[in-house]
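Presented below is the structure to which this report refers.
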């Protein structure tokens, strides 16, 4: 006697296969190429690893909704570090979260052959965990980690590390987000890839919002239609005056934004010039080096010759009883102030010639 019970069980795989035929296959684009996450028969969708993307937040409170696309395009042209920028934008109220990447870098394949462009590219960050009202996170990614700072459901700061940051680097990241230094790095959050990208709280799905407020929207649509008809009766002249006033306000806002961006660019150039000049300073002064060397030499010793062939190289000739070159090399390199240390017995009795490259003193991080 046959039974019809197995039929529903057989229908589910068929429906899944049918749905996959209309959805795109999903791939993760990382440093080692593409890794498939799910199957589909309608093209490809790539999730771009966080380290391939640059991130920023744009303030659009002064920009009307119809001008926001142009505003984002202009801001990206000034901010983006890539010559062939592609981007993804998520608006939360009047603030835009923007991920940007280089199209050529993302499509670069092995043997200098470009990969076929997918239907859509999205940042990996949108599929890790969920937006927060406020706070900070250190999220584990497929490659490396992402530091996040949330404020009012907006990702106000994001940074990628190849490995877990130390406290100094984490506090530098917090300082850039306007936060005071922390006493410890937060625990790493293991967040698996979600099947759908997260949407910031306060930004409901359009269909859900329409269904919930259908009655109000109908009344609003009727009111808007009435207002439009009345405005047309008033005359075209009043409409043109209003448009002119709005355009003038936008032009003033764009000029103010251009001044801010120009000042920021000048500050970054000045900082780069200062850093370049600071890098030319010698790793240490001779008085400091003499104190370091005195602490590293064991037993009774006498300085015979002290030379600095260049700002990063030190040559010392010393006299000491039964000099041990191996012990000297070990002690100097263990101090972390010298590298490429060599020690050879000199021509004079009981003398040793030591050569090394000088290192800067290591930073101990910001003080609380």
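Numbering (our numbering), first residue to last: 29 to 396. Heads up, the beta-carbon is just placed ideally off N, CA and C, and yes, glycines get one too.
Alpha-carbon spacing of residue 128 relative to residue 320, whole angstroms
For the purposes of this step, residue 128 is taken as residue 100 along the chain shown, with counting starting at 1. For the purposes of this step, residue 320 is taken as residue 292 along the chain shown, with counting starting at 1. Using only the alpha carbons, I get a separation of about 47 Å.
Could you spell out where the beta strand (DSSP E) holding residue 384 opens and where it closes?
Indexing the chain shown from 1 puts residue 384 at position 356. Residue 384 -> beta strand (DSSP E) spans 379–386.
Along the chain, which unbroken stretches of the beta strand (DSSP E) at least 3 residues long are found entirely within the stretch 168–236?
173–179, 182–189, 216–218
Do the stretch 118–137 and the stretch 187–198 meet, that is, are 3 or more Cβ pairs less than 8 Å apart?
Counting C-beta pairs closer than 8 Å gives fewer than three between the stretch 118–137 and the stretch 187–198, which falls short of the contact rule.
Jot down the residue ranges of each uninterrupted alpha helix (DSSP H) in the stretch 289–370, minimum 4 residues, whole runs only, in chain order.
Along the length of the stretch 289–370, whole alpha helix (DSSP H) runs at least 4 residues long occupy 314–324, 353–362, reported in chain order.
Give the straight-line distance between the Cα atoms of residue 377 and residue 390, rounded to the nearest whole angstrom.
Taking the chain shown and counting its residues from 1, one reaches residue 377 at position 349. Taking the chain shown and counting its residues from 1, one reaches residue 390 at position 362. The alpha-carbon atoms of residue 377 and residue 390 are separated by roughly 36 Å.
Start and end of the beta strand (DSSP E) containing residue 148?
Within the chain shown, numbered from 1, the residue matching residue 148 stands at position 120. Where residue 148 is concerned, the enclosing beta strand (DSSP E) stretches over 148–151.
Straight-line gap, residue 384 to residue 326 (C-alpha atoms, nearest Å):
Against the chain shown, residue 384 aligns to sequence position 356. Against the chain shown, residue 326 aligns to sequence position 298. Answer to the nearest angstrom: the Cα atoms are 17 Å apart.
Where does residue 386 land, buried or exposed, given buried means 16+ other C-beta within 10 angstroms?
For this step, residue 386 is matched to residue 358 along the chain shown. Residue 386 comes out buried.
Residue 98 lies in the alpha helix (DSSP H); which residues open and close that run?
Locating residue 98 in the chain shown gives position 70, counting from the first residue. Residues 96–107.
For residue 78 and residue 204, believed in contact at Cβ under 8 Å, the rounded distance:
On the chain shown, position 176 is the one that residue 204 refers to. On the chain shown, position 50 is the one that residue 78 refers to. Between residue 78 and residue 204 the Cβ distance is about 17 Å, and since that is not below 8 Å, they are no contact.
Host beta strand (DSSP E) of residue 57 (start-end):
Residue mapping note: residue 57 aligns to position 29 of the chain shown, counting from 1. Start and end: 53–58.
Going by other Cβ atoms of all chains shown within 10 Å of its Cβ, with 16 needed for buried, is residue 216 buried or exposed?
If you number the chain shown from 1, residue 216 lands on position 188. It counts as exposed.
Enumerate in chain order the residues of its own chain whose CB-to-CB distance from residue 162 is below 6 Å, with the five nearest sequence positions on each side excluded.
Reading the chain shown from its first residue, position 134 is the one you call residue 162. Cβ within range, chain order: 178, 179.
Would you kindly report the start and end of the unbroken beta strand (DSSP E) that includes residue 62?
The residue you call residue 62 lines up with position 34 of the chain shown. For residue 62, the enclosing beta strand (DSSP E) starts and ends at 61–66.
Simplified DSSP assignment, three categories, for residue 265:
As a first step, residue 265 is located in the chain shown; it is residue number 237 there, counting from the start. Looking at residue 265 - three-state DSSP - the assignment turns out to be helix.
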